[in-house]
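Asks: So the protein sequences, as listed, match chains W and U. Mind the numbering: the first sequence is residues 1 to 317 in my numbering, read in order. Mind the numbering: the second sequence is residues 318 to 553 in my numbering, read in order. Even for Gly, the Cβ is constructed at its ideal location relative to N, Cα and C.
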Amino acid sequence: MIRTIEIVALVMGAIIAWLAATYVDSGLQFLLCEVFLLFIMSQMWNLLAGYAGQVSFGQQMFVGLGGYGLCLIANNTGIPVWATIIIVPVIVGLLAIPLGMVVFHLKHAYFAIGMWVAAEVVFQFVVKTPALGGSGGMVLRPGGEMMQGFPEQTVLPVALFLSVALIVGLRVFLRSKLGLATLAVRDNEAAAEAAGVNIWRLHMILFTLTGAGTALAAALYYTTTLFVTPLDAFQAKWVVLMMFIVVVGGLGTLTGPVVGIALFIGIRELMTAAGYSGGQYWIVMGLLSIGVLLFLPQGLWPAFSNYVQSLRGKASS
Amino acid sequence: MALISTVDVSRLFGSVYAVDRVSVELNEGEGVGLIGPNGAGKTTLLSLLAGSLKPTQGKIMMEGVDVTMLPVFARVTAGIARAAQIPQTFNRLTVRENVLLPAYFGARLSQHDAGIWVDEVLEMTDLLRRAGQQAASLGLLDRKRLELAKAVASKPRVLLLDEVAAGLTEPEIASIKEVVKRLQPGRVIVWVEHIPFALQGVCSRLLVMDKGAKLLDGPFDEVWASDVLQSTYMGM
Numbered sequence: 001m002i003r004t005i006e007i008v009a010l011v012m013g014a015i016i017a018w019l020a021a022t023y024v025d026s027g028l029q030f031l032l033c034e035v036f037l038l039f040i041m042s043q044m045w046n047l048l049a050g051y052a053g054q055v056s057f058g059q060q061m062f063v064g065l066g067g068y069g070l071c072l073i074a075n076n077t078g079i080p081v082w083a084t085i086i087i088v089p090v091i092v093g094l095l096a097i098p099l100g101m102v103v104f105h106l107k108h109a110y111f112a113i114g115m116w117v118a119a120e121v122v123f124q125f126v127v128k129t130p131a132l133g134g135s136g137g138m139v140l141r142p143g144g145e146m147m148q149g150f151p152e153q154t155v156l157p158v159a160l161f162l163s164v165a166l167i168v169g170l171r172v173f174l175r176s177k178l179g180l181a182t183l184a185v186r187d188n189e190a191a192a193e194a195a196g197v198n199i200w201r202l203h204m205i206l207f208t209l210t211g212a213g214t215a216l217a218a219a220l221y222y223t224t225t226l227f228v229t230p231l232d233a234f235q236a237k238w239v240v241l242m243m244f245i246v247v248v249g250g251l252g253t254l255t256g257p258v259v260g261i262a263l264f265i266g267i268r269e270l271m272t273a274a275g276y277s278g279g280q281y282w283i284v285m286g287l288l289s290i291g292v293l294l295f296l297p298q299g300l301w302p303a304f305s306n307y308v309q310s311l312r313g314k315a316s317s
Numbered sequence: 318m319a320l321i322s323t324v325d326v327s328r329l330f331g332s333v334y335a336v337d338r339v340s341v342e343l344n345e346g347e348g349v350g351l352i353g354p355n356g357a358g359k360t361t362l363l364s365l366l367a368g369s370l371k372p373t374q375g376k377i378m379m380e381g382v383d384v385t386m387l388p389v390f391a392r393v394t395a396g397i398a399r400a401a402q403i404p405q406t407f408n409r410l411t412v413r414e415n416v417l418l419p420a421y422f423g424a425r426l427s428q429h430d431a432g433i434w435v436d437e438v439l440e441m442t443d444l445l446r447r448a449g450q451q452a453a454s455l456g457l458l459d460r461k462r463l464e465l466a467k468a469v470a471s472k473p474r475v476l477l478l479d480e481v482a483a484g485l486t487e488p489e490i491a492s493i494k495e496v497v498k499r500l501q502p503g504r505v506i507v508w509v510e511h512i513p514f515a516l517q518g519v520c521s522r523l524l525v526m527d528k529g530a531k532l533l534d535g536p537f538d539e540v541w542a543s544d545v546l547q548s549t550y551m552g553m
């Protein structure tokens with residue numbers, strides 16, 4: 001079950017979350033919200049693609065559904081924003097089940113592209129629906145009123161604590177029966193089925209959970225931006241970021257995405273501070289991705305930990 | 318009633334019948350050697366029993382129940398397991414975790430019961446001292462043992478062995494045979510192998526296939542000595 005070190009991590013996470021809410025200034029809070037929420041989304045993609053072997057190019061659909069779900073429910077009902085943020089992932093998770101029943105007929109690259117097409121279909125539907133604000137999107141107005149205060153002050157501690165809780169949760173999950181099945185599928189899907197694992201069911205569970213998790217992070221994110229537009233929420237940029245963070249950091253490892261997100265935010269913020277404008281940091285990220293995939297295809301974190309292990313091996317022998 | 322049987326099963330690949338109207342009945346406790354020249358349809362027949370291929374015609378029955386349409390994972394829980402020719406191990410997991418998986422999902426054991434059962438399986442397959450090692454680090458013989466251990470851990474009543482002795486030296490084959498003998502009680506074992514020495518002493522019955530069809534079926538010594546076998550299989 002849960003180990004002492006993991007409980008310590010949770011407590012530390014809670015303390016740091018409180019400190020961040022109290023002492024960090026608003027601008028930095030806004031940035032950190034993005035960091036932690038993007039981390040959660042990346043870890044979701046990692047679980048789906050890196051562990052369960054279902055590479056998807058369409059996870060931006062869940063980002064969009066999370067953002068729109070938030071605005072639709074909060075604006076049109078009396079349900080408070082915090083409760084909406086809890087309800088949205090449940091609804092999105094339920095929507096993922098029939099979607100999975102369709103797209104699971106596609107395998108590997110076809111599944112990846114099929115998810116992309118599905119995301120595009122939802123995007124087109126949203127853009128062409130006036131009730132959803134069309135291409136102009138929606139403003140978050142809980143119960144018809146403008147939001148008061150600074151939502152990032154509340155969202156940051158939640159996102160920070162959730163990130164820590166997610167790593168702990170994933171570690172506990174990977175030690176469970178279903179977690180062992182997931183690790184086995186990562187190594188050899190056919191052999192896992194030959195051991196009695198219902199692969200379809202396992203894929204469906206993870207597809208639903210990761211879809212819901214992505215929507216949860218998105219709902220939190222759009223609570224800080226206060227509005228959602230289809231061009232932003234359903235943009236392929238989201239899944240590209242998730243892939244960059246996971247693949248460069250280390251696919252199928254829990255630590256890899258931590259390295260990946262630090263790299264992404266570091267490059268973006270440093271280049272912006274140095275005066276490079278707009279999307280120029282994407283060029284550096286692209287070059288970096290190519291370099292990593294050519295020379296360290298398993299990702300930076302596994303390469304680093306293998307290197308450290310080989311050093312230790314030399315030292316002891 | 319036979320534990321598992323095939324009723325006129327055929328499997329078509331393109332325009333070639335890899336298995337052509339084969340009917341066999343296999344009973345509990347039997348060790349059945351399945352031999353035949355390359356392309357005789359031995360592995361295809363195993364795949365039909367294991368569920369990784371569906372027959373073009375015919376049925377697979379287990380204790381009178383039609384299991385033809387059951388997918389692979391459901392066949393495993395129903396009690397049919399297969400050890401593959403090329404060991405299909407989970408390389409980043411430990412030997413113990415490799416064996417735990419089928420104990421959890423194939424045999425549907427609780428964490429506590431699975432732990433005890435896995436120790437037993439590792440003991441039977443001589444892998445106990447390798448339990449904590451990563452599967453990727455094993456040599457060929459241990460990988461073959463692990464493939465057997467994984468199949469047995471799901472508590473199958475029908476154990477399908479696909480050339481588990483291929484590629485091994487004679488002393489290694491002898492040690493694998495010892496393992497298979499320990500696994501035999503209470504099960505049907507169907508063993509496809511090109512090496513007659515491996516089957517001797519384990520299999521009491523010999524099934525010979527040629528060009529997709531069942532050629533001979535009977536007690537090991539009788540079939541082994543028959544002229545038909547000597548001429549078609551050995552080319553003598």
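Consider the Cβ of W:Glu-6: report whether some Cβ of chain U lies at a distance smaller than 8 angstroms.
Replies: no
Asks: How close, in whole Å, do the beta carbons of U:Leu-485 and U:Met-441 come, if the pair is a contact with beta carbons under 8 angstroms?
Replies: That pair is no contact at about 18 angstroms.
Asks: When we look at the beta-carbon of U:Asp-544 and count the other beta-carbons within 10 Å, is it buried (16 or more) or exposed?
Replies: exposed
Asks: Thinking C-beta only, is W:Cys-71 closer than 8 angstroms to W:Tyr-221?
Replies: no
Asks: Between the C-alpha atoms of U:Ala-466 and W:Thr-224, what's the straight-line distance to the nearest angstrom?
Replies: Whole-angstrom Cα-Cα distance: 54 angstroms.
Asks: Helix, strand or coil, according to DSSP, for W:Thr-182 in the structure here?
Replies: helix
Asks: Taking its Cβ as the centre, do 16 or more other Cβ atoms sit within 10 Å of W:Val-122, making it buried, or is it exposed?
Replies: Per the 10 Å Cβ criterion, buried.
Asks: Would you say U:Val-475 and U:Leu-320 are within 8 angstroms of each other, going by their C-beta atoms?
Replies: yes
Asks: Out of W:Val-35, W:Val-239, W:Pro-302 and W:Gly-279, which has the shortest C-alpha to C-alpha gap to W:Glu-152?
Replies: Nearest option by C-alpha distance: W:Val-35.
Asks: Would you kindly check if the distance between the Cβ of U:Met-526 and the Cβ of U:Gly-353 is under 8 angstroms?
Replies: yes
Asks: Give the C-beta separation of U:Phe-537 and U:Ser-521 to the nearest angstrom, bearing in mind that I take them to be a contact with Cβ-Cβ under 8 angstroms.
Replies: 6 angstroms
Asks: Residues bridged to U:Thr-411 by DSSP?
Replies: U:Gln-451
Asks: W:Leu-166: which of W:Val-258, W:Ile-113, W:Val-88 and W:Leu-231 sits nearest, CA to CA?
Replies: W:Val-258
Asks: Give me the chain U residues within the contact set of W:Gly-53, using Cβ-Cβ distance strictly less than 9 angstroms, ordered along the chain.
Replies: Chain U residues near W:Gly-53: none, gap ~13 angstroms exceeds 9 angstroms.
Asks: Would U:Glu-464 pass as a contact of U:Thr-406 if the rule is Cβ separation under 8 angstroms?
Replies: Yes, Cβ-Cβ distance for U:Glu-464 and U:Thr-406 is below 8 angstroms.
Asks: Could you give the DSSP three-state label for U:Ser-322: helix, strand or coil?
Replies: strand
Asks: I'd like to know whether the C-beta of U:Thr-549 is nearer than 8 angstroms to at least one C-beta of chain W.
Replies: no
Asks: Within the same chain, show all residues whose beta-carbon is closer than 8 angstroms to that of W:Asp-25, passing over the 5 residues directly before and after it, in chain order.
Replies: none
Asks: Per DSSP, which residues does U:Lys-531 bridge with? Please list them.
Replies: U:Met-526
Asks: So the candidates are W:Ala-20, W:Val-88 and W:Gly-100; which of them puts its Cα closest to the Cα of W:Ile-205?
Replies: Residue W:Gly-100 is the option with its Cα nearest to W:Ile-205.
Asks: Rounded to whole angstroms, what is the Cα-Cα separation between W:Val-18 and W:Ile-7?
Replies: The sequence shown places Trp at residue 18 of chain W, rather than the Val named in the question. So the two alpha carbons sit approximately 17 angstroms from each other.
Asks: Going by DSSP in three states, U:Gln-405 sits in which element: helix, strand or coil?
Replies: coil
Asks: Applying a beta-carbon distance threshold of less than 7 angstroms, which residues of chain U neighbour W:Lys-314?
Replies: The contacting residues do not exist; W:Lys-314 stays about 18 angstroms from chain U at best.
Asks: Tell me, please, whether the stretch 289-309 of chain W touches the stretch 244-261 of chain W by the rule of three or more beta-carbon pairs shorter than 8 angstroms.
Replies: Pairwise C-beta distances place the stretch 289-309 of chain W in contact with the stretch 244-261 of chain W, as three or more of them are shorter than 8 angstroms.
Asks: Hey, could you find the ends of the beta strand (DSSP E) U:Glu-342 is sitting in?
Replies: Where U:Glu-342 is concerned, the enclosing beta strand (DSSP E) stretches over 333-343.
Asks: Specify whether the stretch 189-202 of chain W and the stretch 386-404 of chain U touch according to this definition: at least 3 beta carbon pairs, one from each stretch, less than 8 angstroms apart.
Replies: Contact holds: three or more Cβ-Cβ distances are below 8 angstroms.
Asks: Note down, in chain order, every chain W residue with its Cβ under 7 angstroms from the Cβ of U:Glu-414.
Replies: Leu-180
Asks: Please confirm whether W:Ala-190 and W:Ala-184 have their CB atoms less than 8 angstroms apart.
Replies: no
Asks: So is U:Tyr-421 in contact with chain W if we call contact Cβ pairs under 8 angstroms?
Replies: yes
Asks: Taking 8 angstroms as the threshold (beta carbon to beta carbon), is W:Lys-107 in contact with chain U?
Replies: No, no contact with chain U.
Asks: Going along chain U, which residues have a C-beta under 7 angstroms from W:Gly-196?
Replies: Phe-390, Val-393, Thr-394, Pro-419, Phe-422, Gly-423 and Ser-471
Asks: Once DSSP output is grouped into helix, strand and coil, what is the label at W:Phe-227?
Replies: strand
Asks: So is U:Arg-399 in contact with chain W if we call contact Cβ pairs under 8 angstroms?
Replies: Yes, because at least one Cβ of chain W sits closer than 8 angstroms to the Cβ of U:Arg-399.
Asks: Give me the Cβ distance between U:Arg-309 and U:Leu-363, rounded to the nearest whole Å; I'm assuming they're in contact under 8 angstroms.
Replies: As displayed, chain U neither begins before 318 nor continues past 553, which places residue 309 of chain U out of reach and without an answer.
Asks: One question on the structure: do U:Glu-480 and U:Glu-510 come within less than 8 angstroms of each other, judged by their Cβ atoms?
Replies: For the 8 angstroms CB-CB criterion, U:Glu-480 and U:Glu-510 form a contact.
Asks: I'd like to check one pair, W:Gly-213 with W:Gly-89: are the Cβ atoms closer than 8 angstroms?
Replies: Looking at the sequence shown, residue 89 of chain W is not Gly but Pro. For W:Pro-89 and W:Gly-213, yes; Cβs fall inside 8 angstroms.
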